[in-house]
Structure formats: structure tokens, C-alpha cells
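Student:
Residue numbers (the working numbering): 3 to 116.
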């Protein structure tokens, strides 16, 4: 009897191992995000909304800085260098906003996988 129960335990271990391997990538991602941020898809939706709101804040900041740059009365080589530097940062902010929007969209897709 001890041999059969040991064999049964091994069989259950193998089945459990196979179940773990069979998880598709979306299930793995869904599980991992559930462990990190909460188990419900509503939590992912809420987080996606918060990330999207961050992207909009970055866009508003970008617009405010661009407006301020347009109102500068300072002129000359130093002004040109400052504006060039600021425009580089504005491009970086625009890229950040796009990445945040992409993250929010990916989170929403993941929340609706099932």
C-alpha cells in the first residue's frame, strides 16, 4: 500500500507540473499582475485608468511648458540653447505619454482576456 500511495503522490506531482507548464503567456501575465496589483479584473481596469490619467497629466505639462517657451522675451545664443534643450525634454515627455498610453491599453486588454 505504501508503494501505491507513493506512486499516486508522484502522479499528482507530475500532473500539477504539467498544469503549470501548460499556462499560456496571457494566463501567466494575468496571474502575475493579479498577485502584484489585486486579483480582480476591475483592479486592472482601475489601474489602467490611473495610468491613462498620468499620461494626460504629462500631456498637459508638455503643453504648459511649450506655451511658456513661446512667451519667452529672452533672446540670443543662450536663449536658443535653452529652447533647444527644453524642446528635447518636451520630446521625451511626449514619448513618456505615449508609453503610458500603451501601458494602459495593454492593461485593459489583459483585464479582458477572459
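Ideal placement from N, C-alpha and C gives every residue a C-beta, glycine not left out.
Compare the C-alpha of residue 106 against each of 47, 74 and 62 and name the closest.
Tutor: The residue you call residue 106 lines up with position 104 of the chain shown. The shortest Cα separation from residue 106 among 47, 74 and 62 belongs to 47.
Student: Please specify which runs of the alpha helix (DSSP H), each continuous and at least 4 residues long, are wholly inside the segment 27-95, giving them in chain order.
Tutor: 27-39 and 43-72
Student: Kindly indicate which residue of 38, 61, 103 and 79 has the alpha-carbon position closest to the one of residue 91.
Tutor: Position 89 of the chain shown, counting from 1, holds the residue named residue 91. For residue 91, the nearest C-alpha among the options comes from 61.
Student: I need the straight-line Cα distance from residue 110 to residue 56, nearest angstrom please.
Tutor: As a first step, residue 110 must be located in the chain shown, where it is residue number 108. As a first step, residue 56 must be located in the chain shown, where it is residue number 54. Each residue's Cα considered, the two are about 15 Å apart.
Student: Could you give the distance in angstroms between the alpha-carbon of residue 72 and the alpha-carbon of residue 44?
Tutor: On the chain shown, residue 72 is found 70 positions in, with the first residue counted as 1. On the chain shown, residue 44 is found 42 positions in, with the first residue counted as 1. Residue 72 and residue 44 have their alpha carbons spaced roughly 42 Å apart.
Student: Thinking just about the alpha-carbon of each residue, which of 108, 114, 98 and 115 is nearest to the one in residue 63?
Tutor: Within the chain shown, residue 63 is the residue found at index 61, counting from 1. Residue 63 has its Cα closest to that of 98, out of 108, 114, 98 and 115.
Student: Select from 85, 113, 36 and 49 the residue whose C-alpha is nearest the C-alpha of residue 102.
Tutor: The residue labelled residue 102 in the question sits at position 100 within the chain shown. For residue 102, the nearest C-alpha among the options comes from 49.
Student: Within 10 Å of its beta-carbon, does residue 30 have 16 or more other beta-carbons around it, so buried, or fewer, so exposed?
Tutor: Within the chain shown, the letter at position 28 stands for residue 30. Flag for residue 30 reads exposed.
Student: Can you list, in chain order, the residues of its chain whose CB lies under 8 Å from that of residue 85, leaving out five sequence neighbours each side?
Tutor: If you number the chain shown from 1, residue 85 lands on position 83. Result list for residue 85: 71 and 74, in chain order.
Student: Taking 8 Å as the threshold (C-beta atoms), are residue 80 and residue 67 in contact?
Tutor: Within the chain shown, the letter at position 65 stands for residue 67. Within the chain shown, the letter at position 78 stands for residue 80. No; because the gap between Cβ atoms is not below 8 Å, this pair is not in contact.
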